[in-house]
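What follows is one structure encoded as structure tokens, with my remarks underneath.
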Amino acid sequence: MASQTQIPGFILAFLLVIVLFISFQGVFANDIDSVDKVKVSVYYESLCPFCANFIVNQLVKIFQTDLLNIVDLRLVPWGNTQISSNNSWICQHGVDECRLDVTEACAIYLWPKVETHFKFVHCVERLHLMNRHTEWKSCFGTSGLDPNPVESCYNNGVGYKLEKAYAEETANLNPRHRFVPWVIVNNLPLQEVSSVE
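All the letters of the sequence shown, read from the start, carry residue numbers -29 to -1, 1 to 168 under mature numbering (1 follows the signal peptide of the UniProt record, and there is no 0).
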């Protein structure tokens, strides 16, 4: 996949413009209470440096502003992982990435409120940027979350099923993702949204 050293900042800036544009269109067309939230999906992988940078330094800004009030944010931790002929997973950044993708999928599932699971995901990704991803369990304490449900989800096969669903969803993206993080705004890839306006 393509190198994305400049993309994350551009993605967030463009995302913010699109979100505001779509939201203000709705405000002027209807009263503010009836405005639908802008749907934003972020397809990523847990140990990708570009994804971690985007989540930690850019996407977090949605939570630091009032944008979360108008955005329906979904995180999809699968990215460029491949499924081999024997159904094992080959993660672009190794076995630890496979484990952390499942762990983050469990956190998203167990704490469906985005403000809650994002704290955990953000912490894991921040540790990765600091070359300390092996300390990810400390993120439960940092986020004020109980590790037991996630450990159970990981060990009882639920996490595996969640990741299989994310794999299928990612494989069925149209157009297919070309790199990660891959951002979809109201069912259009961010790269396609500019041509619609």
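Backbone N, C-alpha and C fix where the C-beta goes; we use that ideal spot for every residue, glycine too.
Exposed unless 16 or more other CB atoms sit within 10 angstroms - verdict on residue i
| i | result |
| --- | --- |
| E16 | buried |
| I61 | exposed |
| E139 | exposed |
| N51 | buried |
| P83 | exposed |
| I29 | Residue 29 is actually Gln in this sequence, not Ile. The residue is buried, with at least 16 neighbouring Cβ atoms inside 10 Å. |
Residue from the options with nearest C-alpha to residue i
| i | options | result |
| --- | --- | --- |
| Y14 | I54, A23, N126 and G112 | A23 |
| D43 | T74, G112, S59 and V85 | V85 |
| K32 | A78, R70, F89 and W107 | F89 |
| residue 178 | D37, F34, I26 and V47 | In the structure as shown, the chain starts at -29 and stops at 168, and residue 178 therefore has no counterpart that could be examined. |
| L71 | A142, N157, I41 and L18 | L18 |
| V66 | P83, V156, P120 and H104 | H104 |
| G112 | L39, T87 and N157 | T87 |
| P152 | L39, F34 and W49 | W49 |
Contacting residues, own chain, Cβ-Cβ under 6 Å from residue i (five flanking each side not counted)
| i | result |
| --- | --- |
| S165 | For S165, the predicted structure reports a pLDDT of 43, less than 50, and the residue's modelled location is therefore unreliable. A value from the coordinates is still provided. Once the five neighbours on either side are set aside, S165 has no close Cβ partner at all. |
Length of the line joining the Cα atoms of residue i and residue j
| i | j | result |
| --- | --- | --- |
| P146 | G115 | 38 Å |
| H93 | D7 | 26 Å |
| T74 | G130 | 7 Å |
| M101 | P20 | 10 Å |
| I54 | Q63 | 11 Å |
| L144 | K108 | 32 Å |
| K132 | D37 | 34 Å |
| C110 | H148 | 29 Å |
| F(-2) | N157 | The pLDDT assigned to F(-2) is 46, lower than 50, so where the model puts this residue is not dependable; a value taken from the coordinates is nonetheless given after this. Cα to Cα, F(-2) sits roughly 19 Å from N157. |
| H99 | E68 | 10 Å |
| I41 | N57 | 43 Å |
| F150 | R45 | 17 Å |
Close beta carbons around residue i, own chain, < 8 Å, minus the five adjacent residues each side
| i | result |
| --- | --- |
| V154 | I(-19), L(-15), V11, S12, V13, Y14, P160 and L161 |
| R97 | A23 and V27 |
Cut-off 7 Å between Cβ atoms - residues of its own chain near residue i, not counting five sequence neighbours on either side
| i | result |
| --- | --- |
| A78 | H88, F91, V92 and V121 |
| C124 | C77, Y80, L81 and G130 |
>> For a minimum of 4 consecutive residues, which ranges assigned as the alpha helix (DSSP H) are wholly contained in the stretch 87 to 164?
In response: 109 to 114, 118 to 126 and 129 to 142
>> Could you tell me which whole alpha helix (DSSP H) segments of length 4 or greater appear in the stretch 31 to 79?
In response: Entirely contained in the stretch 31 to 79, the alpha helix (DSSP H) runs reaching 4 residues are, in chain order, 32 to 35.
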